[in-house]
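The sequence shown begins at 2 in my numbering and counts up one residue at a time. Positions of the beta carbon are idealized from the N, C-alpha and C atoms, including for glycine. Written below as structure tokens is the structure these notes are about.
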Amino acid sequence: MTTATHTILPISGLRIGHAHDETVRTGVTVIVPDAPSLCAVDVRGGGPGTRETDTLALGGLVDRVHAIVLSGGSVYGLAAADAVCAELGAKGVGFVAGPPPIPVSPIVPSAILFDNANGGDKSWGRTPPYRSLGQTALESLSQDTAEGRIGAGYGATAGLHPGGFGIATEVVDGTTICALIAANPVGSPYLPGTDVPQAWIYEQDEEFGGTQPPIDYRWGAPTDTKLARFAAPGQNTVIGAVVTDAALSPSDLKRLAIMAQDGLALSVQPSHTPLDGDTLFALSVGDRSVDGPADLSWLGAAAARAVARALTRGVLAAR
């Protein structure tokens, strides 16, 4: 296993925790803001698996979250959020629906990816490991993390290659945006016939190894996708979050999540397929001002690049 240390300290007010089960070949990632934070979500592809994403719809009662959970395990992985919700509730962290003894209601949106066909031992019967993994991930919260085979990306595959968890940061006029991505797409993250990442043009500081396509390279259809091997709905999916220190409104965060999804098209071919369930959250944990649609547009473009780089970094670290 290859991992690379990467700090998320460029954005304060946020911690992340991971847990994995080596035998099952799966894992969970928990993202927790220091204070309840505005959040939006964008869901694409034909096979999503989510919890509490409807809560984030514009115009609803609740517009802040207390944690976000990313998990392997397909539908079983949604149980990871149960553990996070229970633990936060026990600590009094949540939406206050009334005075005691009415319990608070932690808002914990969640998304899952399918890693149930990766060869791990899935004979868990009535005791899937995800609630336990969610608890362990919550207990390991930190401002530092690793990349590659870790957390929700532990059992992931990207096309016919190892998948993984990656982080990348972009800065636009002093405003920071950080992408945290668990990469498990049906498509390939490499240019066909090469070991050059699809997102090579967005590389920073030789984070991908500095590889570039040959001068005479001509693109062709990739053959290293899951379309031949696992051509069934839901056996894939990229999930993650983009976090910014900009003080964005719920509608601005929704647009940011939409634009961030373009990062998948920049780093994976094909992307957003009927066989994926791609889900990205957008979270605001800062107070930097954004001046109108033009600034938001540039921030959204940076979010797409950050997603493309984070996905690629996770895949390369897991290779």
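A Cβ-Cβ distance of about 11 Å is found for the pair Ala180 and Ala258, leaving them out of contact under the 8 Å criterion.
Look at Pro251 here: in three-state DSSP terms it is helix.
Between Ser38 and the set Asn237, Arg65, Trp220, Ala81, the nearest pair of CA atoms involves Arg65. Residue environment: Arg219 is assigned as exposed (fewer than 16 neighbouring CB atoms within 10 Å of its CB, all protein chains considered). Membership of Thr137 in the alpha helix (DSSP H) is indicated by the continuous run 131-140.
Scanning the stretch 56-124 for uninterrupted beta strand (DSSP E) segments of 3 residues or longer gives 69-72, 111-113, listed from N- to C-terminal end.
Taking C-beta atoms as the reference points, Leu284 and Val244 count as a pair closer than 7 Å. In the structure shown, Asp43 falls within a strand segment according to DSSP collapsed to helix, strand and coil. Under the DSSP assignment, Arg16 falls in the beta strand (DSSP E) whose first and last residues are 15-22. For the options Asp116, Leu15, Ala138, the alpha carbon positioned closest to that of Pro163 is the one of Asp116.
A distance below 8 Å between beta-carbons, with the five flanking residues on each side excluded, links Arg132 to the following residues of its chain, in chain order: Ala80, Ala81, Asp83, Ala84. The criterion of a C-beta distance shorter than 7 Å is not satisfied by Leu89 and Pro101. For Pro214, the three-state secondary structure derived from DSSP is coil. Val197 sits away from Thr177, with the two beta carbons spaced by 7 Å or more. Taking a C-beta distance under 7 Å as the contact criterion, Ala200 and Leu267 qualify as a contact pair. At a Cβ-Cβ threshold of 7 Å, Gly160 and Thr226 count as neighbours. At least 7 Å separates the beta-carbon of Ile168 from that of Leu312.
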